[in-house]
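For reference, the structure discussed in these notes is given below.
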Ligand SMILES: [Ca+2]
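Residue numbers (this note's numbering): 38 to 547.
Listed below in structure tokens is the structure:
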């Protein structure tokens with residue numbers, strides 16, 4: 038933004054009463070929906086200049102500023118056009134250079150579909166769009182499907198940290214010949230040698246790119262963060278059917294997966310780092326985001342300063358927080374709301390809490406404390422009718438926003454009472470291990486339901502039926518031992534529950 042347009046903004050400052058609805062936040066807090074109808078957001082990051090960068094799963098990097106979502110994306114990366122049917126893949130991570138916007142580098146972590154793997158790339162910002170130098174690829178992570186991890190962030194040491202999932206094969210997490218199931222640490226440059234910091238913990242033991250490994254033994258560390266001031270790192274590791282973990286990050290340490298999940302007896306596993314907090318399925322199912330409340334400007338009451346806010350994604354979605362000094366208890370902050378399914382949480386320099394949800398495709402919202410600074414939203418009203426719309430009577434009743442997957446077969450009778458899940462994000466996960474010639478297929482049911490799980494080949498011919506019976510609510514995993522007559526190639530996993538069918542590709546390379 039140039040100075041003259043900025044001046045126009047200042048003289049046309051107005052306060053917009055965004056959609057507000059009653060919430061079950063603690064008294065004194067207000068929830069405000071900033072943007073609706075995002076296309077499956079996965080992550081946000083906050084620029085020190087007030088802009089909010091929003092990732093949409095299919096590949097668009099969007100910018101929210103001055104109270105509006107820019108129509109033109111900052112940039113778009115190439116993922117898969119049927120991204121929603123591919124569960125956890127897509128555009129997953131974003132980091133701004135520590136000196137952003139003075140150093141205008143924007144880093145992203147996304148899934149390249151052929152062959153499927155995570156890629157870390159850099160764009161250069163010019164204003165609100167990437168400049169025409171395009172994308173600089175920094176790192177292509179080892180091939181493998183879901184459990185992508187996907188977070189990238191700069192540490193206080195100005196190194197770029199990258200989380201990677203185990204690609205659905207726990208052995209990867211313990212292997213020093215795999216970049217999967219790890220936290221990687223790198224210099225944010227493209228040259229493959231100079232991107233490896235010489236003080237990385239396995240720099241002398243490992244060779245080549247495996248010297249990027251900084252911590253290991255993780256299953257699907259979907260997010261991590263650093264506490265402003267202390268530099269403490271917390272890693273959120275998504276579990277399978279037992280527990281979600283909050284781990285403190287330390288160089289060279291082993292977080293136990295697949296040997297352990299959740300808390301454990303250190304006497305039994307002295308070589309592993311125990312989570313500082315873990316919770317089971319009675320509390321939540323997908324720990325997707327966490328951030329420390331240590332903003333530049335405090336807005337929340339003093340009791341929240343230094344607390345670690347976390348979000349759990351799945352059907353009993355919530356925002357809670359814990360005290361890092363006594364992390365036994367998670368305290369309720371925001372229970373599931375009508376726009377529920379929290380996916381990421383960030384704390385602004387202004388002391389507000391920002392979060393995204395996926396219901397109704399996706400929203401960006403903020404939580405502020407009413408006795409804190411007044412929220413003024415700056416809008417460029419040049420040539421725009423500045424009449425403030427009366428938003429006091431806004432129907433916030435959420436219509437059934439059950440996600441309709443473009444690849445869903447037979448959705449003519451949308452039965453929401455007997456469906457797999459309203460949200461495909463963690464609905465189905467699969468992977469194939471060539472070493473044992475076995476595929477693994479996992480999904481989670483929101484209720485007891487009859488399930489048909491069938492594998493088709495690329496010509497649409499039924500290969501095998503893995504399941505055809507009533508199953509209980511909760512997580513399920515099936516193994517498919519590939520017979521000798523199954524060739525390399527693309528297969529389709531089709532999961533039918535009630536009137537809903539979800540299909541996912543499975544690539545088999547033998
Ligand atoms: Ca662990």
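Even glycine gets a Cβ: it sits at the ideal position worked out from N, Cα and C. Remember, it's a predicted structure, so these values are computed and weren't measured experimentally.
- In this structure residue 90 is in contact with residue 131, their Cβ atoms being roughly 6 Å apart against a cut-off of 8 Å.
- In this structure, residue 186 lies near residue 259, with their beta-carbon atoms less than 9 Å apart.
- The criterion of a C-beta distance shorter than 9 Å is not satisfied by residue 103 and residue 129.
- Taken through DSSP and simplified to helix, strand or coil, residue 219 comes out as strand.
- Residue 68 and residue 182 have their C-alpha atoms some 36 Å from each other.
- The beta carbon of residue 202 lies closer than 6 Å to those of 184, 185, 186 and 257 in the same chain, with the five residues before and after it left out.
- Residue 210: member of the alpha helix (DSSP H) spanning 208-211, first to last residue.
- Distances taken from the Cβ of residue 324 to the heavy atoms of ligand 1 include none shorter than 8 Å.
- Taken through DSSP and simplified to helix, strand or coil, residue 245 comes out as helix.
- Counting only runs of 3+ residues, the beta strand (DSSP E) found wholly inside the segment 259-293 occupies 260-263, 270-274 and 280-285, in chain order.
- Taking a cut-off of 8 Å for Cβ pairs, the segment 322-329 and the segment 274-283 touch, as three or more such pairs fall below it.
- By the beta-carbon neighbour count (other beta carbons within 10 angstroms, threshold 16), residue 507 is exposed.
- Using a 10 angstroms sphere on the CB of residue 381, the tally of other CB atoms reaches 16 or more, which defines it as buried.
- The shortest CA-to-CA distance from residue 340 to any of 255, 467 and 361 is the one to 361.
- Listed in chain order, the non-local C-beta contacts of residue 392 below 7 Å within the same chain comprise 348, 356, 379, 381, 382 and 402, local neighbours out to five positions each way being set aside.
- In the three-state reduction of the DSSP assignment, residue 64 falls in the coil class.
- At a threshold of 8 Å, residue 198 does not count as near ligand 1, since its beta carbon sits no closer than that to any of the ligand's heavy atoms.
- Comparing alpha-carbon positions, the option among 316, 221 and 232 lying closest to residue 261 turns out to be 221.
- Judged by DSSP secondary structure, residue 341 falls outside any beta strand (DSSP E); it is assigned neither H nor E.
- Checking the 8 Å criterion, the Cβ of residue 80 is out of range of every heavy atom belonging to ligand 1.
- About 6 Å separates the CB atoms of residue 405 and residue 336; that is less than 8 Å, so the two are in contact.
- For a cut-off of 8 Å, the C-beta gap from residue 316 to residue 367 is around 7 Å, short enough to register as a contact.
- Distances from the CB of residue 255 to the heavy atoms of ligand 1 include at least one below 8 Å.
- Per DSSP, the beta bridge partners of residue 512 are 481.
- Judged by the Cβ position, residue 278 fails to qualify as a neighbour of ligand 1 at the 8 Å threshold, every heavy atom of the ligand being at least this far.
- By alpha-carbon distance to residue 82, the top candidate from 205, 298, 390 and 195 is 390.
- CA-CA distance, residue 239 to residue 247, rounds to 8 Å.
- Residue 533 counts as buried, since at least 16 other C-beta atoms from the protein chains shown sit within 10 angstroms of its C-beta.
- Taken atom to atom, the span from the alpha-carbon of residue 485 to that of residue 513 is near 12 Å.
- Residue 93 carries a strand assignment under DSSP once its states are collapsed to helix, strand and coil.
- Apart from the 5 residues on each side of it in sequence, residue 289 sits with its Cβ closer than 8 Å to the Cβ of 238, 239, 251 and 252 in its chain, given in chain order.
- The alpha-carbon of residue 111 is positioned some 21 Å away from that of residue 226.
- Counting along the chain, residue 369 sits inside the beta strand (DSSP E) bounded by residues 363-372.
- In the DSSP assignment, residue 251 forms no beta bridge with any residue.
- Minimum Cα-Cα distance from residue 487 among the listed residues 503, 369, 371 and 526 corresponds to 503.
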